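> Have a look at this one.
There are 2 protein chains.
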Amino acid sequence: MRDDREIGKHRLRLDHFLPYRLSVASNAVSTRISRAYRGTFDLKVTEWRLIAILAEGGAMTAQALVGATRMDKVSISRAAKALQQRGLIEAEPHGADGRSRFLSLSDGGRALYAEIAPQALAMEANLLADFTGEERALLENLLRRIEDAAM
Amino acid sequence: MRDDREIGKHRLRLDHFLPYRLSVASNAVSTRISRAYRGTFDLKVTEWRLIAILAEGGAMTAQALVGATRMDKVSISRAAKALQQRGLIEAEPHGADGRSRFLSLSDGGRALYAEIAPQALAMEANLLADFTGEERALLENLLRRIEDAAM
DNA sequence: TATTGTTATACTCTATAACTATA
DNA sequence: TATAGTTATAGAGTATAACAATA
């Protein structure tokens, strides 16, 4: 620990470099998670995010989904198109604005969500199995502060 | 906070879902960092990792780089090829094994590293500017445990 | 003119398999 | 047979620009 601190002042060690550690951890998690979504439900992560947000929030426009997911409008548009083609989401006209539509889960989409959500929570619980409640809250807090600092 | 805990027991909220938060934080950081590498030094992240490891460790085989970076042998091979074509790394025969070579930084590679490393450390310091030393150590610890749990 | 959303294109990272040359 | 490394190919995520329709 003392060695780390002293070296860290002047030299870079990839193994302790935050962007690297963050990337490795995130990649390990998302590889595991995306395999589960893909294998069991034939969903990409981007599609799963839309389903999760629509399940929480009800009908939303594409623009609202951009704000809710940190995905850009191109990704939203493509994920929504794929889900619509599978009948998992539905579009209703947006009375006040002809450019936009309200997207929401279909019955099939809600049924799929009801299947996935418990599995997603179980995977998360598994990842955090040996974390205390305090550590979980701290991790979320630290990640949000990193995210804010990077934007 | 009470609401979050109570909802969290039964429902999934993307905004508080660890794989999502981790992905968003990692993506925000690596977008910012990779733009700097790319724009200033014309390096991909994978290439930068090789340079950083070779700067720390001296001559290594591709296999040793796989172990040191969590990149697979395909990524190592491609990054090494690109760096060698630019004259940033050199290869020496591995006396005992004709299939393998020892890779190391050239003088040009070391000069490039000497330029990048301080900037990389400055970017990291900027990201962690409002973190205490304790928080930094904790974040690294939590990320490593997540990574271990995901593998 | 500006905004919502779509399409086209390209780049990075990753995963897999097929291949070579050595061991 | 097994291992070190290379090449080919494809999928997923993201970024940018050009575009159509509407505001």
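Residue numbers (the working numbering), protein chains in the order written: chain A, 1 to 151; chain B, 152 to 302.
Note that beta-carbon positions come from the ideal geometry of N, C-alpha and C, so glycine has one too.
Please read these numbers as outputs of a predicted model, since none were measured by experiment.
Can you look up B/GLY159 in the DSSP assignment and give me helix, strand or coil?
Within the second sequence, the letter at position 8 stands for residue 159 of chain B. Low per-residue confidence applies at B/GLY159: pLDDT is 42, beneath 50, and the placement is therefore not dependable, though the value from the model is reported in the following sentence. Helix, per DSSP.
> According to DSSP, is A/PHE102 part of a helix, a strand, or is it coil?
For the purposes of this step, residue 102 of chain A is taken as residue 102 along the first sequence, with counting starting at 1. If DSSP states are grouped into helix, strand and coil, A/PHE102 belongs with the strands.
> Please confirm if A/VAL74 has its CB atom under 9 Å from at least one CB of chain B.
Taking the first residue of the first sequence as 1, we reach residue 74 of chain A at position 74. No - not a single Cβ of chain B is within 9 Å of the one on A/VAL74.
> Relative to the C-alpha of B/HIS245, which residue among B/MET211, B/GLY218 and B/VAL225 is closest?
The residue given as residue 245 of chain B occupies position 94 in the second sequence. Closest option to B/HIS245, Cα to Cα, is B/MET211.
> Between which two residues does the beta strand (DSSP E) carrying B/ALA242 extend?
The sequence position of residue 242 of chain B within the second sequence is 91, counting from 1. Where B/ALA242 is concerned, the enclosing beta strand (DSSP E) stretches over 240-244.
> Which term fits A/GLU115, buried or exposed, when burial requires 16 or more other beta carbons within 10 angstroms of its beta carbon?
In the first sequence, counting from the first residue as 1, residue 115 of chain A sits at position 115. It is exposed - the Cβ of A/GLU115 has fewer than 16 other Cβ atoms within 10 Å.
> Inspect the beta-carbon positions of B/LEU254 and B/ALA213 and report whether they are closer than 9 Å.
If you number the second sequence from 1, residue 254 of chain B lands on position 103. If you number the second sequence from 1, residue 213 of chain B lands on position 62. Contact flag set, yes.
> B/ALA276 to B/LYS224, Cα distance in whole Å?
Against the second sequence, residue 276 of chain B aligns to sequence position 125. Against the second sequence, residue 224 of chain B aligns to sequence position 73. Their backbone Cα atoms lie some 31 Å apart in a straight line.
> In whole angstroms, what separates the C-alpha of B/GLY209 from that of B/ALA231?
Reading the second sequence from its first residue, position 58 is the one you call residue 209 of chain B. Reading the second sequence from its first residue, position 80 is the one you call residue 231 of chain B. Whole-angstrom Cα-Cα distance: 14 Å.
> From the DSSP output, in three-state form, read off B/MET211 for me.
The residue given as residue 211 of chain B occupies position 60 in the second sequence. In this structure, B/MET211 counts as strand in the three-state DSSP scheme.
> Is there at least one Cβ from chain B nearer than 9 Å to A/THR61's Cβ?
Counted from its first residue, the first sequence places residue 61 of chain A at position 61. No, its Cβ sits nowhere closer than 9 Å to a Cβ of chain B.
> What residues of chain A sit near B/ALA215, judged by a beta carbon separation below 8 Å?
On the second sequence, position 64 is the one that residue 215 of chain B refers to. Within 8 Å Cβ-Cβ: nothing; B/ALA215 doesn't reach chain A, min ~13 Å.
> Is there a Cβ from chain B that is less than 9 Å from the Cβ of A/GLU135?
Indexing the first sequence from 1 puts residue 135 of chain A at position 135. It does: the Cβ of A/GLU135 has a partner Cβ on chain B nearer than 9 Å.
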